[in-house]
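In my numbering, the protein residues as written are -18 to 321. The C-beta atom is built at its ideal place from N, Cα and C for all residues, glycine as well. Please read the structure below before turning to the comments.
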């Protein structure tokens, strides 16, 4: 029997599992476990509870900051406001001390306070089976019924916008986890120092751009490209909405530091974990006003795709030359970290 690779389950397998094993069918669950959705939605009268769980397994440095913002991003992509967080913190038997645990709790606290989230519970233990700290947390938020956004709303003719570029989170993690090794790959100390700062600049939070998009337009769908990068997130959006995508190769972009690390490590930035970027679909008429407001806030955006009918498929290209959108069985970050 072949073992599955590190990272997300293959989309086909995950779809089969979610279709068969989700417990009882509660009618108050408006958005449940399905491909392409960033969070679950549960009805509480006119206010909807939006719930997300996510683990942080790649990062060790400032793991609490990652945990809060990665989960808050998924709440924001539903048009909701993140409010409450419950972390499960698993710590290794070797190397765990009071200072290290305190640093994790402080990192969680500072990041939560910055965005108005309350840490209202959770669980912490030192345990066997892990060789680094792991946080698996549950973020809860709320949104009114008329403001909810789901991933299945893309319409043929919509444009897909990408904010801030590919590989932001991956760039930060690579620089932090491989600081001492990157010189051997020809990456200068100056590039590494700048890449380390990607955690906060351009930053892994998408709350600002999600709020702008929801304020000035009505996104048909939004999605946070995490494991598997922008390519996987585009596939998940297309699957959720049952549409095709024409992805413009020339419009895809990333920061100089991301390109430098990707070139040195033979990474395709399309498949690199990309928290900090936001993908959202808009009617063509809403594109210019949204991009203008994002630009005023200092947030770069580009139109990277057009939504097509399902028969078009998922294709990437320029002019008249098109090929299938690349598929990544595992995130490029996992591939590199497992081999260094």
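message: Less than 8 Å between the C-beta atoms of residue 157 and residue 42, yes or no?
response: Locating residue 157 in the chain shown gives position 176, counting from the first residue. Locating residue 42 in the chain shown gives position 61, counting from the first residue. Contact flag set, yes.
- prompt: How many angstroms separate the CA atom of residue 289 from the CA atom of residue 131?
  reply: One-based indexing of the chain shown puts residue 289 at position 308. One-based indexing of the chain shown puts residue 131 at position 150. Rounded to the nearest angstrom, the two C-alpha atoms are 18 Å apart.
field: Touching by the beta-carbon criterion (3+ pairs, under 8 Å), the stretch 263 to 276 and the stretch 66 to 82
entry: With the rule of 3 Cβ pairs closer than 8 Å, the stretch 263 to 276 does not count as touching the stretch 66 to 82.
query: Is the distance from the Cβ of residue 257 to the Cβ of residue 210 below 8 Å?
result: Looking up residue 257 in the chain shown gives position 276. Looking up residue 210 in the chain shown gives position 229. By the CB criterion at 8 Å, residue 257 and residue 210 fall outside the cutoff.
query: If you pair each beta-carbon of the stretch 215 to 228 with each one of the stretch 132 to 140, do three or more pairs fall below 8 Å?
result: yes
- request: Out of 198, 259, 244, 227, point me to the one whose CA is closest to residue 266's CA.
  value: Walking along the chain shown from the start, residue 266 turns up at place 285. When each option's Cα is compared against that of residue 266, the closest is 198.
message: Between which residues of its own chain and residue -14 is the CB-CB distance below 7 Å, once the five residues before and five after are set aside?
response: On the chain shown, position 5 is the one that residue -14 refers to. Around residue -14: 310, 311.
- prompt: So, using beta-carbon positions, are residue 188 and residue 123 closer together than 8 Å?
  reply: Here residue 188 refers to the residue found at position 207 when the chain shown is read from its first residue. Here residue 123 refers to the residue found at position 142 when the chain shown is read from its first residue. With respect to the 8 Å criterion, residue 188 and residue 123 are not classified as neighbours on the basis of their beta carbons.
query: Based on the DSSP output, what are the partners of residue 204 in its beta bridges?
result: Within the chain shown, the letter at position 223 stands for residue 204. Paired residues: 260.
- prompt: Is there contact here, the stretch 2 to 18 with the stretch 100 to 120, by at least three beta-carbon pairs under 8 Å?
  reply: The stretch 2 to 18 is not in contact with the stretch 100 to 120.
task: Take residue 48 and list the residues in its own chain whose beta-carbon comes closer than 7 Å to its own, dropping the five residues that flank it on each side.
output: As a first step, residue 48 must be located in the chain shown, where it is residue number 67. Correct list, in chain order: 37, 68, 89, 116, 118.
- request: Please report the residue range of the alpha helix (DSSP H) in which residue 229 lies.
  value: Within the chain shown, residue 229 is the residue found at index 248, counting from 1. First-last for residue 229: 225 to 229, but that is the beta strand (DSSP E), not the alpha helix (DSSP H).
- prompt: Could you check where the alpha helix (DSSP H) with residue 216 kicks off and where it finishes?
  reply: Indexing the chain shown from 1 puts residue 216 at position 235. First-last of the alpha helix (DSSP H) with residue 216: 210 to 222.
- request: Report, in whole angstroms, the separation of the C-beta atoms of residue 140 and residue 263, which I expect to be a contact under 8 Å.
  value: Along the chain shown, read from residue 1 onward, the residue named residue 140 stands at position 159. Along the chain shown, read from residue 1 onward, the residue named residue 263 stands at position 282. Confirmed, about 6 Å.
- request: Determine which residues share a DSSP beta bridge with residue 104 and list them.
  value: Locating residue 104 in the chain shown gives position 123, where the first residue counts as 1. Looking at the DSSP assignment, residue 104 forms a beta bridge with 69.
query: Who pairs with residue 30 in a beta bridge, going by DSSP?
result: The sequence position of residue 30 within the chain shown is 49, counting from 1. Answer is 23, 123, bridged to residue 30.
query: From residue 166 to residue 308, what distance separates their C-alpha atoms?
result: Counting from 1 along the chain shown, the entry for residue 166 is found at position 185. Counting from 1 along the chain shown, the entry for residue 308 is found at position 327. C-alpha of residue 166 to C-alpha of residue 308: approximately 26 Å in a straight line.
field: DSSP state of residue 35 mapped onto helix, strand, coil
entry: Position 54 of the chain shown, counting from 1, holds the residue named residue 35. In the structure shown, residue 35 sits in a strand (DSSP, three-state: E or B).
query: Terminal residues of the continuous beta strand (DSSP E) containing residue 285?
result: On the chain shown, position 304 is the one that residue 285 refers to. It spans 282 to 289 - the beta strand (DSSP E) in which residue 285 sits, taken as one unbroken run.
message: Could you give the first and the last residue of the continuous alpha helix (DSSP H) run that contains residue 151?
response: Position 170 of the chain shown, counted from the first residue, corresponds to residue 151. Here the alpha helix (DSSP H) through residue 151 covers 149 to 158.
message: Can you tell me whether residue 315 is buried or exposed? The criterion is at least 16 other CB atoms within 10 Å of its CB, across all chains shown.
response: Taking the first residue of the chain shown as position 1, residue 315 is located at position 334. Residue 315 comes out buried.
task: Using three-state DSSP, classify residue 185 as helix, strand or coil.
output: Position 204 of the chain shown, counted from the start, is the residue given in the question as residue 185. Residue state, collapsed to three classes: coil.
task: Would you identify the three-state DSSP class for residue 64, choosing helix, strand or coil?
output: For this step, residue 64 is matched to residue 83 along the chain shown. Here residue 64 sits in strand by DSSP.
message: One question on the structure: do residue 204 and residue 58 come within less than 8 Å of each other, judged by their Cβ atoms?
response: One-based indexing of the chain shown puts residue 204 at position 223. One-based indexing of the chain shown puts residue 58 at position 77. When the beta-carbon positions are compared, residue 204 and residue 58 come within less than 8 Å of each other.
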